[in-house]
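Asks:
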Amino acid sequence: MNLIIDKTIGLIPTKSNFVDSVAINKDYAVIFEINDATAYFYALDISNGKQKILDVLYIYNTTAILEPKKVSAIKIDWSDNYRYAILFINDDPHAIFDFEAKRGYNQVEYPSGISETGWSNKNKEWNSLIKKILNE
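According to my numbering, the residues represented by the sequence shown are 36 to 171, in order.
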């Protein structure tokens, strides 16, 4: 599977900011957001001209950052079929949304359960999914 790099930006990991990315078909979008305390990755349905949140994944707590003032490279890639959106921080994958399976995956496997939209992040398959997507 080939990845399409959509956004790469340098951000201070403890300073409020966001990076967004829209699938080429304009049905889906993702947002990586840092607020004062935490960082999250959002999956959105934008097909009807509105932003409906499908799922939210916890990425990190800003107080846990070892170098809080050092700029981190934030990158959002999409699979070539736009099924997957992948969040990389300093070239390490941290979260994936699978828009076809309606599942979110992250390294910390939190939160778990099924959202009101029917998206599930239970029974994580992080390692096998990363290998599949990155062709390892």
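Every residue gets a Cβ at the ideal spot worked out from N, C-alpha and C, and that includes glycine.
1) Would the region 122-131 count as touching the region 79-86 if we require 3 or more Cβ pairs under 8 Å?
2) Can you tell me which of D55, N125, K61, D62 puts its alpha carbon nearest to the alpha carbon of F76?
3) Taking the DSSP output, what are the residues bridged to P103?
4) Could you spell out where the beta strand (DSSP E) holding A120 opens and where it closes?
5) Among all the DSSP beta bridges, which residues are the ones paired with N52?
6) Does DSSP put S114 in a helix, a strand or coil?
Replies: The answer reads as follows:
1) no
2) D55
3) Partner(s): none; P103 has no beta bridge.
4) 119-124
5) I69
6) strand
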